[in-house]
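S.K.:
Residue numbers (our numbering): 14 to 416.
1) Going straight from the alpha carbon of residue 172 to that of residue 45, what length do you get?
2) Grab the span of the alpha helix (DSSP H) containing residue 124 for me, first residue to last.
3) Taking all protein chains shown into account, do 16 or more other C-beta atoms lie within 10 angstroms of the C-beta of residue 136, making it buried, or fewer, making it exposed?
4) Determine the direct distance from the alpha carbon of residue 59 to that of residue 176, and round the result to whole angstroms.
5) Helix, strand or coil: which one does DSSP assign to residue 188?
6) Which residues in the same chain have their Cβ closer than 7 Å to the Cβ of residue 21, if we skip the five residues on either side of it in sequence?
7) So, with DSSP's three-state summary, where would you put residue 280?
8) Of all the options 95, 280, 384, 358, which has the alpha carbon lying nearest to the alpha carbon of residue 370?
9) Rounding to the nearest angstrom, what Cα-Cα distance links residue 215 and residue 55 in this structure?
10) Who are the Cβ neighbours of residue 419 in its own chain at under 6 Å, not counting the five residues just before and after it?
11) Have a look at residue 327 and residue 378 and give me their C-alpha separation to the nearest angstrom.
12) Let me know the secondary structure DSSP gives residue 243 once reduced to three states.
13) The alpha helix (DSSP H) that contains residue 354, what's its start and end?
14) What residue does the alpha helix (DSSP H) around residue 113 start on, and which one ends it?
15) Report the rounded CA-to-CA distance for residue 19 versus residue 42, giving the unit in angstroms.
16) What does the alpha-carbon distance come out to for the pair residue 233 and residue 345?
17) For residue 117, which residues from the same chain have a beta carbon less than 7 Å from its beta carbon, with the 5 sequence-adjacent residues on both sides left out?
18) Can the beta-carbon of residue 193 be found closer than 7 Å to that of residue 287?
19) May I ask you to report which of helix, strand or coil DSSP gives residue 333?
20) Would you tell me roughly how many angstroms separate the C-alpha atoms of residue 391 and residue 243, rounded to the nearest one?
21) Taking the alpha-carbon of residue 84 as reference, which of 71, 396, 210, 100 has the nearest alpha-carbon?
22) What whole-angstrom Cβ distance do residue 255 and residue 332 have, given they're in contact under 8 Å?
23) Tell me which residues share the same chain as residue 386 and place their Cβ nearer than 7 Å to its Cβ, disregarding the 5 neighbours each side in the sequence.
24) Just the C-alpha distance for residue 353 and residue 106, rounded to the nearest angstrom, thanks.
25) Work out the CA separation of residue 237 and residue 309 for me, nearest whole Å.
26) In or out: residue 329 buried (at least 16 other Cβ within 10 Å) or exposed?
27) Ignore the nearest five residues each way along the sequence and tell me which others in residue 247's own chain have a CB closer than 7 Å to its CB.
28) Any chance the CB of residue 263 is under 6 Å from a heavy atom of the ligand MN?
29) Helix or strand or just coil, what does DSSP make of residue 414?
30) Check whether the Cβ atoms of residue 360 and residue 240 sit closer than 7 Å, and answer yes or no.
31) In three-state DSSP terms, what is residue 201?
32) Hey, how far is the Cα of residue 142 from the Cα of residue 96?
33) Do three or more CB pairs link the region 274 to 282 to the region 152 to 168 at distances below 8 Å?
34) Let's see if you can read the secondary structure: which residues bound the alpha helix (DSSP H) around residue 93?
35) For residue 213, which of 94, 408, 89 has the nearest alpha-carbon?
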């Protein structure tokens, strides 16, 4: 894998808050609104239709599997056609899948979630590919910080909004129509990007994207490093309430407020630091923060240590998420950015799914406290991968497109 060449330092001052970048962040925020508004509501909807908790889990799996499976193919479409167009189609599919859920039939819950999963693949693949093209080469870490702050912000606002609408006089249809509305509201932001990409492609000859395997090997180091972080997250984000209850600790909801706010606020700043210090040191700091956070939670016997651990975990999520995204952009071949960023984005879906299975199995075998020991071991694997691939990582002045 070739190291990215240096670029002129003047490019470091390239503007970030361009029209294209702002449109992209708005479109992604509204696309993620659909996902986070419906994620806590779908299990309740399945229950209201007479399904069990297991059926609710299968319904969520019906969303995840197509999103994971089709991403490499969607990435190739983004390369050969139009990355913002793939994003826009993703928004349309998310809206159509949400509308399908309005009819109160369990089978349509599965059909709608399959369609939403396909839309989720398009939204994320198109979004990351557009980000890779729109972000100035020397400010990719900062750009990734703002981009992921936009998507993470939806995770704070819209789950509560969905549950609030459900608690008001009305039906599940109110929530489903609301999710559809926010998704379609993203189209006016995505379509100008689609037209601009089409005009740019028509105005200059574009080499055909190189043929490759199912995954882009050039970004596997970035994908693996991000995976080592996302695999550890379910033990914190999903299983922490069970852990706190086993210790007799109340008010654990404060953890999510503190971690969420910290995560969103510091992402752009930490992303900017990764541009200055280099991807390797930034990822090492992120993994170190995750290690400290998990250790504090592992040792906790009161709320104070858990909240302190939450701050470090949030810093780790912000640093590693922004920096590995920027690293994937650094390493991606400009002619196959869609394929590369689709490969990278799989690490989020895979981490959430497999990480949840690992956390649950570790909790059964080792106990809830032992589960965090397993997450610490996963984080240490991340350090090993980072050390092994250190020479492949661009230096601060080398975070540029390969030409």
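Think of the CB as a built atom: it goes at the ideal place given N, C-alpha and C, for glycine as much as any other residue.
M.R.: Let me spell this out:
1) 11 Å
2) 119 to 147
3) buried
4) 15 Å
5) helix
6) Per-residue confidence for residue 21 stands at a pLDDT of 35, beneath the threshold of 50, marking its modelled position as unreliable; the derived number appears in the next sentence. Same-chain partners within the cutoff: there are none.
7) helix
8) 384
9) 43 Å
10) Outside the shown range of the chain (14 to 416) lies residue 419, about which nothing can therefore be said.
11) 27 Å
12) helix
13) 350 to 401
14) 96 to 113
15) Caution applies to residue 19, whose pLDDT of 42 falls short of 50 and renders its modelled position unreliable; the value that the coordinates give is listed next. In a straight line, the C-alpha of residue 19 is about 33 Å away from that of residue 42.
16) 10 Å
17) 62
18) no
19) helix
20) 10 Å
21) 100
22) Residue 255 to residue 332, Cβ: 27 Å. No contact.
23) 311, 379
24) 23 Å
25) 25 Å
26) buried
27) 365, 368, 369, 372
28) In the structure shown, the ligand MN is absent, as is every other ligand, since no ligand is present at all.
29) Caution applies to residue 414, whose pLDDT of 45 falls short of 50 and renders its modelled position unreliable; the model cannot decide the point.
30) yes
31) helix
32) 6 Å
33) yes
34) 84 to 93
35) 94
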